[in-house]
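To keep things clear, I will list the structure first and then write my remarks on it.
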Amino acid sequence: MKVLVIGGGGREHAVCKKLVESPLVDALLCAPGNAGIAQVAACVPEVKATDVPGIVALAKREGVDFVCVTPDDPLALGCVDALEAEGIPTFGPRACAAQMEASKIFSKNLMKKYGIPTAKSEVFDDADAALAYLDTQSAPIVVKADGLALGKGVIVAQTIDEAKQAVVDMMRGGRFGRSGARVLIEECMVGREVTVLCFTDGRVIVPMPASQDHKRVFDGDKGPNTGGMGAFAPSPLYAPDVARRVTDEILQPTLRAMNAEGLDFRGVLYVGLMLTADGPKVVEYNARFGDPETQAVLPLLMSDLMEIMLAVREQRLEQLDIRWRGGAAACVVLASGGYPGKYEGGKVITGIVKAEALGATVYHAGTAVKDGALVTAGGRVLGVTALGDTLADAVRSAYMAAKEIHFDGAHMRSDIGSREL
Ligand code: AMP
Ligand code: GLY
1 MKVLVIGGGG REHAVCKKLV ESPLVDALLC APGNAGIAQV AACVPEVKAT
51 DVPGIVALAK REGVDFVCVT PDDPLALGCV DALEAEGIPT FGPRACAAQM
101 EASKIFSKNL MKKYGIPTAK SEVFDDADAA LAYLDTQSAP IVVKADGLAL
151 GKGVIVAQTI DEAKQAVVDM MRGGRFGRSG ARVLIEECMV GREVTVLCFT
201 DGRVIVPMPA SQDHKRVFDG DKGPNTGGMG AFAPSPLYAP DVARRVTDEI
251 LQPTLRAMNA EGLDFRGVLY VGLMLTADGP KVVEYNARFG DPETQAVLPL
301 LMSDLMEIML AVREQRLEQL DIRWRGGAAA CVVLASGGYP GKYEGGKVIT
351 GIVKAEALGA TVYHAGTAVK DGALVTAGGR VLGVTALGDT LADAVRSAYM
401 AAKEIHFDGA HMRSDIGSRE L
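Here you go:
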């Protein structure tokens, strides 16, 4: 089969690396891709992940047999619908099902309607009403833009004034454009966060090993939120009794709810959980693989990812026995100095070969080739993943490898996984 992957980050590099291992895949393309993905797939940098007509044209021109749409934006824009309309089998939810992520109000209403545990919340489309409501509440409290906002549309406000400022920025200042025209104000949940990525074909839902992300830029969960500074899997917090509760109280009810609403979700459902004193609750759904969770989860997959994607698309996931290796995987992200604020690109990267010689896998997130040299080209630059018999082993190996890699201003957290060790 000739397969096209849409996207160009560390997550897509991990997906592409798994797909080329499959005997079913003869040729792999990636749009736009990046310098690391170019080692395993033919990249098409001129076709951006949000360019749905360009993606359809590329798929037709190249005669691809299957497409995997990985990032949130093209899913929300109906990329899967457009490809399927041309008769091209595609992995990922259609736009209507991708609302599970693209509209936080949509998914909140679904959870409310079907009794799926989550934070209590109110919806506002008028800034004055939102501000008046905040006067009746106490902090901490969470303000969320309804739509996609590059992972930055959530403010966990420590004071009511901070929450009011967030409402003003989003609803009057147009901070996230149309995504912030409607907001949710919700109860702040307290607990530990775990991510459960699930394959679902609309008939069954199959969780992958649970993982944990590290969203803040500095050690000890300090500093601003980022796209994710590291991840590991499986999560020791996700003990068998927790897993059972999540399956019974969240995963199965979510599948039933999506079907009752006619969503026919086929792809990866990302379930972000807060393990609270009252039990597990949903923080958010995403309609795709997580980044960087995928860089820690997919290396544990022993089964053929292409076979799984085909089974999801053809609704025969139940027939597959998806196998995972024992032990653990840890991914440490190397970011540009200054990220998630301003940073400079174009810094020469060295040491990847040495890092991989130590047994690690280096996933490229924001890299490019300039004058024959590999250089930085994004906030998150690389993700260094290592496997181990235990989480401690995996973390140690990931750091040993990551320390071989150098570029001006490189920043990594030094405490990935340390809370669980
Ligand atoms: P999201 O973009 O929905 O993943 O939210 C980003 C982060 O905000 C989450 O990973 C949580 O750490 C935090 N968050 C979101 N909603 C809540 C909530 N209701 N209570 C506490 N923290 C939250
Ligand atoms: N790691 C968070 C996300 O992928 O949204």
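Its first residue numbered 1, the sequence shown is counted upward by one per residue in my numbering.
We treat Cβ as the ideally placed atom computed from N, Cα and C, and that holds for glycine.
Length of the line joining the Cα atoms of residue i and residue j
{"i": "residue 154", "j": "residue 275", "result": "19 Å"}
{"i": "residue 146", "j": "residue 105", "result": "6 Å"}
{"i": "residue 269", "j": "residue 303", "result": "19 Å"}
{"i": "residue 96", "j": "residue 76", "result": "8 Å"}
{"i": "residue 148", "j": "residue 54", "result": "22 Å"}
{"i": "residue 300", "j": "residue 199", "result": "15 Å"}
{"i": "residue 305", "j": "residue 22", "result": "7 Å"}
{"i": "residue 368", "j": "residue 64", "result": "25 Å"}
{"i": "residue 85", "j": "residue 259", "result": "21 Å"}
{"i": "residue 429", "j": "residue 37", "result": "Outside the shown range of the chain, which is 1 to 421, sits residue 429, and nothing can be said about it."}
{"i": "residue 81", "j": "residue 220", "result": "42 Å"}
{"i": "residue 342", "j": "residue 165", "result": "23 Å"}
{"i": "residue 339", "j": "residue 319", "result": "44 Å"}
{"i": "residue 422", "j": "residue 117", "result": "Because the chain spans 1 through 421 in this model, residue 422 falls outside it and cannot be assessed."}
{"i": "residue 239", "j": "residue 17", "result": "29 Å"}
{"i": "residue 129", "j": "residue 182", "result": "11 Å"}
{"i": "residue 223", "j": "residue 24", "result": "44 Å"}
{"i": "residue 388", "j": "residue 236", "result": "14 Å"}
Which listed residue (the options) has its alpha carbon closest to that of residue i
{"i": "residue 175", "options": "152, 416, 263", "result": "152"}
{"i": "residue 33", "options": "117, 212, 372, 11", "result": "11"}
{"i": "residue 184", "options": "167, 191, 344", "result": "167"}
{"i": "residue 26", "options": "289, 2, 43, 301", "result": "2"}
{"i": "residue 28", "options": "15, 42, 266", "result": "42"}
{"i": "residue 328", "options": "420, 102, 220", "result": "420"}
{"i": "residue 310", "options": "201, 272, 374", "result": "201"}
{"i": "residue 386", "options": "360, 90, 52", "result": "360"}
{"i": "residue 67", "options": "213, 282, 313", "result": "313"}
{"i": "residue 391", "options": "282, 231, 365", "result": "231"}
Neighbour-count burial assignment, residue i, 16 or more Cβ in a 10 Å radius
{"i": "residue 280", "result": "buried"}
{"i": "residue 295", "result": "buried"}
{"i": "residue 72", "result": "buried"}
{"i": "residue 47", "result": "buried"}
{"i": "residue 61", "result": "exposed"}
{"i": "residue 186", "result": "buried"}
{"i": "residue 353", "result": "exposed"}
{"i": "residue 256", "result": "exposed"}
For residue i, the first and last residue of its enclosing alpha helix (DSSP H)
{"i": "residue 13", "result": "10 to 20"}
{"i": "residue 358", "result": "Neither: residue 358 is in no alpha helix (DSSP H) and is coded neither H nor E."}
{"i": "residue 272", "result": "No alpha helix (DSSP H) holds residue 272; the beta strand (DSSP E) holding it covers 267 to 276."}
{"i": "residue 339", "result": "That residue, residue 339, is in no alpha helix (DSSP H); it is neither H nor E in DSSP."}
{"i": "residue 62", "result": "52 to 62"}
Delimiting residues of the beta strand (DSSP E) encompassing residue i
{"i": "residue 155", "result": "154 to 157"}
{"i": "residue 187", "result": "183 to 187"}
{"i": "residue 34", "result": "Counting along the chain, residue 34 falls outside any beta strand (DSSP E), and DSSP gives it neither H nor E."}
{"i": "residue 380", "result": "380 to 388"}
{"i": "residue 280", "result": "279 to 286"}
Cβ contact (3+ pairs, closer than 8 Å) linking the stretch 392 to 407 and the stretch 334 to 354: yes
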